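Take the sequence shown: its letters are residues 543 to 909, numbered as in our numbering. Data first, discussion second: the structure below is written as structure tokens.
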Amino acid sequence: MIEEIKRLRRELAEKEGGSAAPSSSDSEPMMRSIVGLQEKVIQLDEKDHILYINSALAKELALPRAAVRGLPVVEIDRFRWGPGLLSSLVAQARKLPEGREAVREVAWHDPEKDQDVHYRVKGTIEGGKSQILIEDITSLRNIEKVFARFVSPPIIEKMKEMGKDFFRAERYEMTVLFADLRGFTTFSERLQPEEVRGMLNEYLTGMIEIIFRHGATLDKVVGDEVMAIFGAPLYYEDHALRALSVAIEMQAAHATLAQKWAAQGREALGLGIGFNTGEMVVGNVGSERAMNYTVIGHHVNLASRLCSQAKAGEILMGQTTFERIKDALTVKGAHLGFRVKFRKTGQVQMKGLSAATDVIQAVVQNE
């Protein structure tokens with residue numbers, strides 16, 4: 543905890559362009575230097591009387607800091623987000639070895655903002671005195687809540703560490719991929735609903751696992767169509783190359799599944815995949831009732847068109863995607879792990895794009 547407060551001091555000093563020299567005051571060690579940060583800080587003496595609170599906590603109390611100095615903590619421990627929490631936390635911390643943190647997390651609904659708020663409260667004892675740090679972790683919990691459907695747990699943990707606003711709309715180059723089964727809609731009309739669901743779940747489980755394994759984002763699943771984003775919410779330069787790897791692995795996994803279906807007397811439906819690279823807008827799109835993290839733009843539409851043109855077993859990409867992959871393989875020394883042949887199959891013209899783009903097919907060469 544002390545180290546965490548020191549870190550906050552350093553961050554504030556960097557923002558203000560000053561130094562982070564330690565305070566000489568025993569009653570306010572290192573506390574003054576983090577005034578103004580969002581974290582709320584309180585220090586208590588050995589009898590749990592208030593030695594110090596920072597500006598953020600004073601604002602919460604709607605009292606001057608000097609007015610609470612010397613008061614027993616129980617007199618202010620009536621916060622709407624946890625009445626009695628500070629006293630309880632200090633009592634817990636005093637039972638622990640000195641320096642070890644007692645941690646609680648509380649959630650409450652803020653009627654003014656009409657949103658759920660999450661606080662993490664940490665308490666530790668040093669030399670008989672209590673240090674309490676109250677952090678607003680609402681953004682972290684929102685990341686978990688919103689992105690749990692779209693990305694793997696390791697990606698979520700990285701996002702939480704970055705402190706970035708991932709809900710803000712941005713525009714930059716990334717890659718988007720579409721994959722769907724050829725003729726599944728017509729085929730499904732001949733099956734019982736439970737059989738349709740079973741086949742879809744089996745197919746989608748494999749596709750989504752591959753997407754997550756490569757650090758991509760599952761944008762949405764509509765029936766048998768899967769849409770994945772590469773390069774958001776976490777950006778990586780090799781987004782086009784990762785999309786190709788995912789496409790190849792998807793085709794290989796589905797070929798195995800199709801063989802299983804055929805052995806069961808079912809139709810071995812093929813998989814078509816199209817992906818494209820270009821500038822897209824990414825962010826939360828929708829209404830207050832229904833928000834979805836997605837990408838929009840002409841290059842997204844082109845990826846969808848390429849998917850619709852792909853025949854069973856085909857992987858199609860746009861010209862820009864091919865150039866990014868070629869650059870990664872030849873200039874930057876990336877390794878794909880597959881022997882792949884690329885060939886131009888034609889052109890496609892999309893509304894909103896200045897010129898027709900070449901359509902490139904990726905064909906895996908068997909050893």
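Ideal placement from N, C-alpha and C gives every residue a C-beta, glycine not left out. Quick caveat, the model's predicted, so the values are computed rather than measured.
Residue i: first and last residue of the uninterrupted beta strand (DSSP E) it sits in
i, result
"Arg885", "882–890"
"Asp658", "657–668"
"Ser672", "671–678"
"Leu813", "813–828"
"Tyr594", "592–595"
"Ile857", "857–860"
C-alpha gap between residue i and residue j, whole angstroms
i, j, result
"Leu733", "Asp869", "46 Å"
"Leu848", "Lys886", "13 Å"
"Ser483", "Gly879", "Look at the range of the chain in this structure, 543 to 909, and you will see that residue 483 is not part of it."
"Tyr778", "Gln891", "28 Å"
"His651", "Glu686", "18 Å"
"Ala794", "Ser787", "11 Å"
"Ser565", "Ile584", "Model confidence at Ser565 stands at a pLDDT of 36, short of 50, so the residue's coordinates are unreliable and nothing is read from them."
"Arg784", "Arg683", "28 Å"
"Asp590", "Lys671", "8 Å"
"Leu895", "Phe817", "16 Å"
"Glu640", "Arg739", "56 Å"
Cβ-Cβ distance between residue i and residue j below 8 Å
i, j, result
"Val837", "Asp761", "yes"
"Met716", "Val824", "yes"
"Leu628", "Val645", "no"
"Ala800", "Leu719", "no"
"Tyr835", "Phe621", "no"
"Glu821", "Tyr745", "no"
DSSP bridge partner residues for residue i (one or two, in chain order)
i, result
"Glu767", "Val764"
"Ala904", "Phe884"
"Thr834", "Per the sequence shown, the amino acid found at residue 834 is Asn instead of Thr. According to DSSP, Asn834 bridges with Val827."
"Trp650", "Val659"
"Val645", "Lys664"
Of the residues the options, the one placed nearest residue i, counting alpha carbons only
i, options, result
"Gln907", "Leu719, Lys883, Leu599", "Lys883"
"Met859", "Leu895, Lys893, Gly814, Leu746", "Gly814"
"Leu638", "Gln657, Glu668, Val905", "Glu668"
"Gly728", "Pro653, Gly765, Leu682, Gly855", "Note that residue 728 is Thr in the sequence shown, not Gly. Comparing Cα-Cα distances from Thr728 to each of Pro653, Gly765, Leu682, Gly855, the minimum goes to Gly765."
"Gly812", "His591, Phe726, Ala649", "Phe726"
"Val827", "Phe709, Val842, Gln806", "Phe709"
"Asn843", "Glu602, Ala649, Lys893, Asp590", "Lys893"
"Leu912", "Ile674, Thr862, Glu699, Val648", "A query on residue 912 cannot be resolved here, the shown segment of the chain reaching from 543 to 909 and no further."
"Ser694", "Thr680, Glu677, Ile679, Ile752", "Ile752"
"Gly612", "Lys601, Leu593, Ala600, Gly626", "Leu593"
"Ser861", "His841, Leu603, Ser672, Ser850", "The question names Ser, yet the displayed sequence has Gln at residue 861. Minimum Cα distance to Gln861 is reached at His841."
"Lys601", "Glu588, Glu617, Glu581", "Glu581"
"His905", "Arg881, Gln889, Gly888", "According to the sequence provided, residue 905 is Val. The question's His does not apply to it. Ranking Arg881, Gln889, Gly888 by Cα distance to Val905 puts Arg881 first."
Segment limits, alpha helix (DSSP H) that includes residue i
i, result
"His796", "781–805"
"Leu723", "That residue, Leu723, is in no alpha helix (DSSP H); its beta strand (DSSP E) goes 712–723."
"Lys582", "From DSSP, Lys582 is part of no alpha helix (DSSP H) but of the beta strand (DSSP E) over 582–586."
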